[in-house]
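Going letter by letter, the sequence shown gives residues 12 to 144 in the working numbering. See structure below.
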Amino acid sequence: MTHSWYHSIRSADLFGGVPEDYLNIHNWFDETKAFLPDLRHRALRHHAEGIFLCEQVFGITIENTVRQKIPVRLIAEQHIQDDLGWIPTVEDWLCNLEVQPWMTQTPFQPLKKSMLNNKLEPSSQSNNPGAAD
12 MTHSWYHSIR
22 SADLFGGVPE
32 DYLNIHNWFD
42 ETKAFLPDLR
52 HRALRHHAEG
62 IFLCEQVFGI
72 TIENTVRQKI
82 PVRLIAEQHI
92 QDDLGWIPTV
102 EDWLCNLEVQ
112 PWMTQTPFQP
122 LKKSMLNNKL
132 EPSSQSNNPG
142 AAD
C-alpha cells in the first residue's frame, strides 16, 4: 500500500471503528520514509521485531471508537502483510544487504591512559558524587 491512510481504512474494515483509530500505528511503520524515501525504508520496521517494537510504543492493545480492544500486534501484522505479503525477520532483510568496504573499516584508536589523564581536569573530580569532600 502506498499510504498509511489506506492501511488504516483496511484496519477499520478488519477490526471495526474508524481509520483514525489506527492511523498512528500505520504512520509509525511508514515514518521511516522521511529519511529513506523508497521501499528500502521498510527494512527498518517491516519485520517480526518491528511488530514487537510497535507493541512497546503503542501498548499491547488499543481501544477503537466502538470501544473494542484490538491487539496492536494484529494491526502491525496486517500492515506488514499488506505491504510484503508475509512477515520477514530482521535477518531476512539484512542477509540481502551487500557489505560495503566502509562497513568493515574502523577508525577506532584505543585511548591510552596517559592521554586520558591529560584530559581530566582536577575540578572534574569535585563533580563526582562518589568523591570524598
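Quick reminder that beta carbons are idealized off the backbone N, C-alpha and C, glycines included. What you are looking at is a predicted structure, and each value in this text was computed from that prediction instead of being measured.
*asked:* Can you check which of these residues, PRO121, PRO112, PRO99 and GLN111, is closest to LEU55 by C-alpha distance?
replied: PRO99
*Nearest to THR76 (by Cα), restricted to the options ASN129, ARG84, SER15 and ASP32*: ASP32
_the stretch 66-76 / the stretch 106-124 touching (three or more Cβ pairs under 8 Å)_ = no
*Going by alpha carbons, who is nearest to ARG84 out of GLY28, PHE119, PHE40 and ILE20?*
PHE40
_My assumption, with CB atoms under 8 Å, is that HIS52 sits in contact with VAL101. Please give the rounded CB distance._
14 Å between Cβ atoms; not a contact.
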